[in-house]
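If you read the protein sequences in the order shown, they are chains A and B. Going by our numbering, the first residue of the first sequence is number 1, and it counts up by one from there. Going by our numbering, the first residue of the second sequence is number 1001, and it counts up by one from there. Cβ coordinates follow ideal geometry from the N, Cα and C atoms, glycine included. Since the structure is predicted, the reported quantities are computational estimates derived from the model, not experimental observations.
There are 2 protein chains.
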Amino acid sequence: MRLSKTFIKTLREAPKDETAKNGAYLIRAGYVHKEMAGVYDYLPLGLRVIDNIKTIIREELNKIGCEELSLTTLQNPEPWEKSGRFEDQEVDIWFKTELSSGGLVGLAPTHEEPVTNLMRSYISSYKDLPVKVYQFQTKFRNELRAKSGLMRGREFLMKDLYSFHRTEEDLDAFYAEVEEAYRRIFERLGIGEVTFETFASGGIFTKYSHEFQTFLPVGEDTVYYNHDKSVVLNKEVYNDEVLKDLGATGEKFEETNAAEVGNIFKLKFKYSEPLELKYIDENNEQELVYMGCYGIGVSRLMGVIAEKFADDKGLVWPDTIAPYKYHLIGIGDKGMAEAEKFYTGREDVVLFDDRDKRPGEKFADAELMGLPLRIVISDRTLADNTAEITDRKTGKNWSVNLEELFEKF
Amino acid sequence: MRLSKTFIKTLREAPKDETAKNGAYLIRAGYVHKEMAGVYDYLPLGLRVIDNIKTIIREELNKIGCEELSLTTLQNPEPWEKSGRFEDQEVDIWFKTELSSGGLVGLAPTHEEPVTNLMRSYISSYKDLPVKVYQFQTKFRNELRAKSGLMRGREFLMKDLYSFHRTEEDLDAFYAEVEEAYRRIFERLGIGEVTFETFASGGIFTKYSHEFQTFLPVGEDTVYYNHDKSVVLNKEVYNDEVLKDLGATGEKFEETNAAEVGNIFKLKFKYSEPLELKYIDENNEQELVYMGCYGIGVSRLMGVIAEKFADDKGLVWPDTIAPYKYHLIGIGDKGMAEAEKFYTGREDVVLFDDRDKRPGEKFADAELMGLPLRIVISDRTLADNTAEITDRKTGKNWSVNLEELFEKF
């Protein structure tokens, strides 16, 4: 991408109502634009970050045999009435709207009911199981307040996976596979070391669910962790009974804030029972299908990662999800000409600041935008046949020979 | 994809309310699932078709310097009130909903107002122009009736491009580039020969707009065309004045039905004026920005292409957008083993029917699903070291040597 050709540019200020660090930096650096609280447009750089996050998640889910589909936003109330969740007293964040042909419809805040209902067309025999389907889909939640930038959206992108099984053992085995896949995903996203599987409350059919919580001072959740963080609990289950359950009585726990980036849940019959999703087993008996659901907040992750790594100069992206790897700056006529040569053929990994601007302004923009490595080619560096590399995260810089630059970068 | 592993299967019947051929076949073949009239889930095969259509459009738009972004569904009424389009009397297909914090919001039926408003943050000088941005985004239109399958959606996927220019000449030049890009897109989608640029009504600032209409018996539009289809007009502008304008007086015109798959429109100041999108020119004068908008119905295209090419046995996909290129069928133990070998390493282009089913059932499913080439490897074909290829479109079949199959397919 050439900065001289793209419409985006850094902005001096974020809107006054944007109080979250992630939101303010993402707006100022030209990654997103705020439509209203909790509702953001993704501009070209932001869309590339989202796509990189999606690619990592997709690769890991495909590895464990999941299939991608895409469900709708508009929701027929029928399946939700069966589970009791269309009522505002039951789910208090619905957006609802009226069909011109008559009747209320909802905007999907999640998709358990429609996916269970869909599977009634595809699951009838034990031979049809297991099924594991996921989607990247915009969810709508009518939050009263949304002040955490991309960490709490009224309209946000989520990856949601649903699994369908014959037996509890099969559900348990797949649940363990998802736990592993999630660990690999957060590792690859660069937040593996600060993201912990956390005990949270279960439901009718299961004692606990698990969340993946990224420790973060401005996170909206409160969690408790023991000395080596081998046991982490959401505040809602931090009590003597649960500690006893986990064999952690007497251990010392610390409190911290965290942001929930994923959750996994053994639903068992929670939806298959009211929606009558059944299969015929080998003995010709009708049985309820076991279900699990597994979410990851995709746009929230962009906010959490921005928030976690940003410093006082701007954003700092992990290599794996940065929109481009290199922020290339040419200074002076010769420097610019050599930078042009480097850019050619590397358009997909290089953001090239080819604008006619002062070096100081270009450096400040590079820091705000947060790409992993800055490459400066100037008349001065060319004098000793080098380019200057700066690591955005550590601030370290060093020279590389031009030949090495063209060969290895 | 292995049919033994995917959850999808062909269905004997479409829902009774699905009267459109494209909808019925797409449902029966496992490409989509109907949530309600005009609202469809994309199942794995359908999502691959959508992604293939998107890739073709994206490639052609990137070639003419467009940038991809993603705007929101939830719409703040403010910019729409400036253009007068938030009123239901003005735009009668709004879905609207209430924020829990108070205030009405809309679900975007299109995005002229938010993109114009967004550009107020990015366009201030003549140096910032031109700007050309597009997105693939779900649109919501509260249609009273939606009976044409994927050809008329209440929730549907659209590619919308918006351009911003200093001068009318610059707008005209880019408009011509888009016309060319659209021709290439429809060509690559396999409907180039039956899709015609069509004169349609303009607006306040422009006499005509252009539609791209695919001739189709069940298309919802009526168009008129001359003998060599060099002049095609939407019914709304088929009158003596327009024919005179186009120098086509006295020519004989025929009437046909057609489906609108794209449209392009010179907006000029239609939105930049009420939303005050201005730039400062070289002489320090403030000027209004010229705008154009350019749509392609992505999910509608899937419906139109399904409708256009389907025969009495099922779907027939053009090579370029088929979810897979080959429908592989193994028959008998040796046939299945050889098919396994062929499948290995070709997972991304082959749909492999490895199910334990009768050949007749497999053949019928292959016809319904409509992939370009069927490959059958059976104990019988192996006897003379061949596989049998059948072209779905023409029905022609022929034998290829196994060595040739492994080398060239």
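Item: Listed from N- to C-terminal order along the chain, which residues in the region 1059-1077 of chain B have their beta-carbon within a distance smaller than 9 angstroms of any beta-carbon of chain A?; Value: Gly1065, Glu1067, Glu1068, Leu1069, Ser1070, Leu1071, Thr1072, Thr1073, Leu1074, Gln1075, Asn1076
Item: Using the C-alpha atoms, what's the distance from A/Phe265 back to A/Ser201?; Value: 10 angstroms
Item: Would you mind reading off the limits of the alpha helix (DSSP H) that contains B/Gly1023?; Value: 1021-1028
Item: Between the C-alpha atoms of B/Thr1344 and B/Thr1381, what's the straight-line distance to the nearest angstrom?; Value: 20 angstroms
Item: The beta strand (DSSP E) that contains B/Glu1035, what's its start and end?; Value: 1032-1036
Item: For B/His1033, which residues in chain A fall below 8 angstroms Cβ to Cβ?; Value: Leu118, Ser121
Item: Identify the contact partners of A/Arg374 in chain B, using a Cβ-Cβ distance below 8 angstroms as the criterion.; Value: By Cβ distance, chain B contributes nothing, its closest Cβ being about 23 angstroms from A/Arg374, past 8 angstroms.
Item: For B/Tyr1042, which residues of its own chain have a beta-carbon under 7 angstroms away from its beta-carbon, when the five flanking residues on both sides are left out?; Value: Val1032, Ile1050
Item: When you compare the CB of B/Leu1161 with every CB in chain A, is at least one pair closer than 8 angstroms?; Value: no
Item: Using DSSP bridges, identify the partner residues of A/Ile280.; Value: A/Ser125, A/Gln286
Item: Cβ closer than 9 angstroms: which chain A residues qualify as neighbours of B/Asp1128?; Value: Phe7, Lys9
Item: Specify, as a first and last residue, the run of the beta strand (DSSP E) that A/Val261 falls within.; Value: 254-268
Item: If you count every other CB in all the chains shown that lies within 10 Å of the CB of A/Val317, and 16 or more means buried, which is it?; Value: A quick correction: the sequence has Trp, not Val, at residue 317 of chain A. Buried, because 16 or more other Cβ atoms sit within 10 Å of the Cβ of A/Trp317.
Item: For A/Thr381, which three-state DSSP category applies?; Value: helix
Item: Beta-carbon separation of A/Leu45 and A/Pro323 under 8 angstroms?; Value: yes
Item: Taking only runs that begin and end inside the region 96-155 of chain A, name each unbroken beta strand (DSSP E) of 3 or more residues, in chain order.; Value: 104-107, 131-140
Item: Between the alpha carbons of A/Glu241 and A/Leu233, how many angstroms are there, rounded?; Value: 12 angstroms
Item: Please report how far the alpha carbon of A/Phe205 lies from the alpha carbon of A/Glu87, in whole angstroms.; Value: 21 angstroms
Item: Note down the Cα distance separating A/Lys393 from A/Arg2, rounded to an integer number of angstroms.; Value: 23 angstroms
Item: Taking B/Val1133 as the query, report the chain A residues whose CB atoms sit under 9 angstroms from its CB, ordered along the chain.; Value: Phe7, Leu43, Pro44
Item: Whose CA, out of B/Asp1221, B/Gly1203, B/Leu1402, B/Ser1399, lies closest to the CA of B/Ala1259?; Value: B/Asp1221
Item: So with CB distances below 8 angstroms, who are the chain B contacts of A/Glu155?; Value: Thr1072, Thr1073, Leu1074
Item: Using a threshold of 8 angstroms, state whether the C-beta atoms of A/His210 and A/Glu197 are closer than that.; Value: yes
Item: Let me confirm a value: B/Ala1306 is counted as buried when at least 16 other C-beta atoms fall within 10 Å, else exposed. Which label applies?; Value: buried
Item: Within 10 Å of its beta-carbon, does B/His1410 have 16 or more other beta-carbons around it, so buried, or fewer, so exposed?; Value: Any question about residue 1410 of chain B goes unanswered here, given that chain B covers just 1001 to 1409.
Item: Consider the Cβ of B/Asn1022: report whether some Cβ of chain A lies at a distance smaller than 8 angstroms.; Value: no
Item: Is the Cβ of B/Asn1142 closer than 8 angstroms to any Cβ of chain A?; Value: yes
Item: Taking all protein chains shown into account, decide if B/Asp1348 is buried (16 or more other Cβ within 10 angstroms of its Cβ) or exposed.; Value: exposed
Item: As a quick exercise: from B/Glu1113, B/Gly1106, B/Ile1093, B/Asp1128, pick the residue whose alpha carbon is nearest that of B/Glu1143.; Value: B/Ile1093
Item: Below 8 angstroms, how does it come out for the region 116-132 of chain A and the region 154-165 of chain A: are there three or more Cβ pairs, yes or no?; Value: yes
Item: Beta-carbon of B/Phe1096 versus every beta-carbon of chain A: anything under 8 angstroms?; Value: Checking the sequence shown, residue 1096 of chain B turns out to be Lys, not Phe. Answer yes: the Cβ-Cβ gap between B/Lys1096 and chain A drops below 8 angstroms somewhere.
Item: Decide if the region 1296-1316 of chain B is in contact with the region 1365-1378 of chain B; the criterion is three or more beta carbon pairs, one per stretch, under 8 angstroms apart.; Value: yes
Item: Touch check for the region 319-337 of chain A and the region 184-191 of chain A: three-plus C-beta pairs under 8 angstroms?; Value: yes
Item: Between the region 382-401 of chain A and the region 1007-1014 of chain B, can you find at least three pairs of beta-carbon atoms closer than 8 angstroms?; Value: no
Item: Does the beta carbon of B/Leu1344 sit closer than 8 angstroms to a beta carbon anywhere in chain A?; Value: Note that residue 1344 of chain B corresponds to Thr in the displayed sequence, not to Leu. So, not an interface residue.
Item: First and last residue of the beta strand (DSSP E) that includes A/Ile331?; Value: 326-331
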